[in-house]
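For our numbering, add 1292 to where a residue sits in the sequence shown, where the first one is 1. Beta carbons: idealized from backbone N, C-alpha and C, even for Gly. Note that the coordinates shown come from a computational prediction; the quantities given were computed from them, not determined experimentally. Here is the structure we will look at.
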Amino acid sequence: MSRLLYSVTMSADGFIAGPGGDMSWLTPHLGPNPLVDELIGEIGALLVGRRTFGGDDPHRGTEKEGKAFGGGWEGPQFVLTHRAPGSPVPGVTFVGDLARAVAAAKEAAGGKYVNVLGADVARQCLEAGVLDEVLTIVAPVLLGDGVRLFDRPGGTDVRLERLRVDHVPHATNLWYRVVR
1293 MSRLLYSVTM SADGFIAGPG GDMSWLTPHL GPNPLVDELI GEIGALLVGR RTFGGDDPHR
1353 GTEKEGKAFG GGWEGPQFVL THRAPGSPVP GVTFVGDLAR AVAAAKEAAG GKYVNVLGAD
1413 VARQCLEAGV LDEVLTIVAP VLLGDGVRLF DRPGGTDVRL ERLRVDHVPH ATNLWYRVVR
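Here is the structure:
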């Protein structure tokens, strides 16, 4: 059965994007990461937020721009949005409801991971009780402002069980299971 995994690179101070969704900070931290290389083969579908889908790209200006994992992954993508574009996008399905988006992505993933991309979609998945795992790749940089990994006004505790910790030259991988 497919599981939902939120994978993300964040700064050491907890930001996944800079102010205004700027992703240029990430470019110098995109380096070899054996865990990510291994994970890419285990992803069957993506569940993506609308802002992430239409947002900034750390590969901007290169041949990798606009491609999932810089072109390292191809497959079905499901974008959670109430504002689908007027023209179809090849390989992308726009869905206006979280439950339907999760169900469609899980079916398309065929037993592999559904990789969640986007802080708001990850938060919604957590609140709905459908997020299974979190992979946080911590880059050695402080941003000071931007989009937080997890932001919920009023706060909440989400218990996590550590599954794996790996240190690579340019980051630390922290893989958790969401405790329900």
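Practice item. Return the bridge partner residues of V1433 from the DSSP annotation. Key: Along the sequence shown, read from residue 1 onward, the residue named residue 1433 stands at position 141. Partner(s): none; V1433 has no beta bridge.
Check your understanding: Which ranges would you report for the beta strand (DSSP E) in the region 1311-1349 if only whole runs of at least 3 residues count?
Key -> 1335-1341
Review point. How about L1409 and V1387: are their beta carbons less than 8 Å apart?
Key: Mapped onto the sequence shown, residue 1409 falls at position 117. Mapped onto the sequence shown, residue 1387 falls at position 95. Not in contact: L1409 and V1387 (Cβ atoms no closer than 8 Å).
Review point. Quick one: Cα of A1401 to Cα of A1337, how far?
Key: Looking up residue 1401 in the sequence shown gives position 109. Looking up residue 1337 in the sequence shown gives position 45. Answer to the nearest angstrom: the Cα atoms are 5 Å apart.
Exercise for review: Using the Cα positions of H1321 and R1454, report the straight-line distance between them to the nearest angstrom.
Suggested key: On the sequence shown, position 29 is the one that residue 1321 refers to. On the sequence shown, position 162 is the one that residue 1454 refers to. Straight-line Cα distance between these residues: approximately 23 Å.
Exercise for review: Express the C-alpha separation of G1364 and V1422 in angstroms, rounding to a whole number.
Suggested key: As a working note, residue 1422 is residue 130 in the sequence shown. As a working note, residue 1364 is residue 72 in the sequence shown. Distance between the alpha carbons of V1422 and G1364 is about 26 Å.
Review point. When the distance is taken between beta carbons, is E1425 closer than 8 Å to Y1468?
Key: The sequence position of residue 1468 within the sequence shown is 176, counting from 1. The sequence position of residue 1425 within the sequence shown is 133, counting from 1. Yes, the pair counts as a contact, with Cβ atoms nearer than the cut-off.
**Study point:** Expected contact under 8 Å - CB spacing of V1300 and T1428 to nearest Å
**Key:** Against the sequence shown, residue 1300 aligns to sequence position 8. Against the sequence shown, residue 1428 aligns to sequence position 136. Rounded, the Cβ-Cβ distance is 6 Å, consistent with contact.
Practice item. Run the CB neighbour count on G1341, radius 10 Å, all protein chains shown included, and call it buried at 16 or more, exposed below. Key: Against the sequence shown, residue 1341 aligns to sequence position 49. So G1341 counts as buried.
Practice item. Return yes when the Cβ of D1305 is within less than 8 Å of the Cβ of G1436, no when it is not. Key: Along the sequence shown, read from residue 1 onward, the residue named residue 1436 stands at position 144. Along the sequence shown, read from residue 1 onward, the residue named residue 1305 stands at position 13. Yes; because the gap between Cβ atoms is below 8 Å, this pair is in contact.
Check your understanding: Is DSSP giving E1399 helix, strand or coil here?
Key -> On the sequence shown, residue 1399 is found 107 positions in, with the first residue counted as 1. Looking at E1399 - three-state DSSP - the assignment turns out to be helix.
Point to revise | Cβ pair L1452, V1470 closer than 8 Å | key: Residue 1452 sits at position 160 when you count from the first residue of the sequence shown. Residue 1470 sits at position 178 when you count from the first residue of the sequence shown. Result yes, Cβ atoms of L1452 and V1470 sit closer than 8 Å.
Point to revise | Span of the beta strand (DSSP E) around A1463 | key: Mapped onto the sequence shown, residue 1463 falls at position 171. Per DSSP, A1463 belongs to the beta strand (DSSP E) from A1463 to V1470.
**Study point:** Backbone CA spacing between S1294 and P1382 [nearest angstrom]
**Key:** Reading the sequence shown from its first residue, position 2 is the one you call residue 1294. Reading the sequence shown from its first residue, position 90 is the one you call residue 1382. C-alpha separation (whole angstroms): 23 Å.
**Study point:** Contact belief for A1411 with D1389 at Cβ below 8 Å, rounded distance in angstroms
**Key:** Taking the first residue of the sequence shown as 1, we reach residue 1411 at position 119. Taking the first residue of the sequence shown as 1, we reach residue 1389 at position 97. Rounded, the Cβ-Cβ distance is 19 Å, inconsistent with contact.
Practice item. Tell me whether R1444 sits in a helix, a strand or coil according to DSSP, three-state version. Key: Within the sequence shown, the letter at position 152 stands for residue 1444. In this structure, R1444 counts as coil in the three-state DSSP scheme.
Point to revise | Residue nearest to T1464 in terms of C-alpha spacing, selected from T1319, A1309 and G1323 | key: Residue numbering aside, residue 1464 sits at position 172 when the sequence shown is read from its first letter. Considering only alpha carbons, the answer is G1323.
Exercise for review: Could you tell me which of N1407, A1309 and P1377 sits nearest to A1431, measuring between CA atoms?
Suggested key: Position 139 of the sequence shown holds residue 1431. Selected option, being the one with the closest Cα: A1309.
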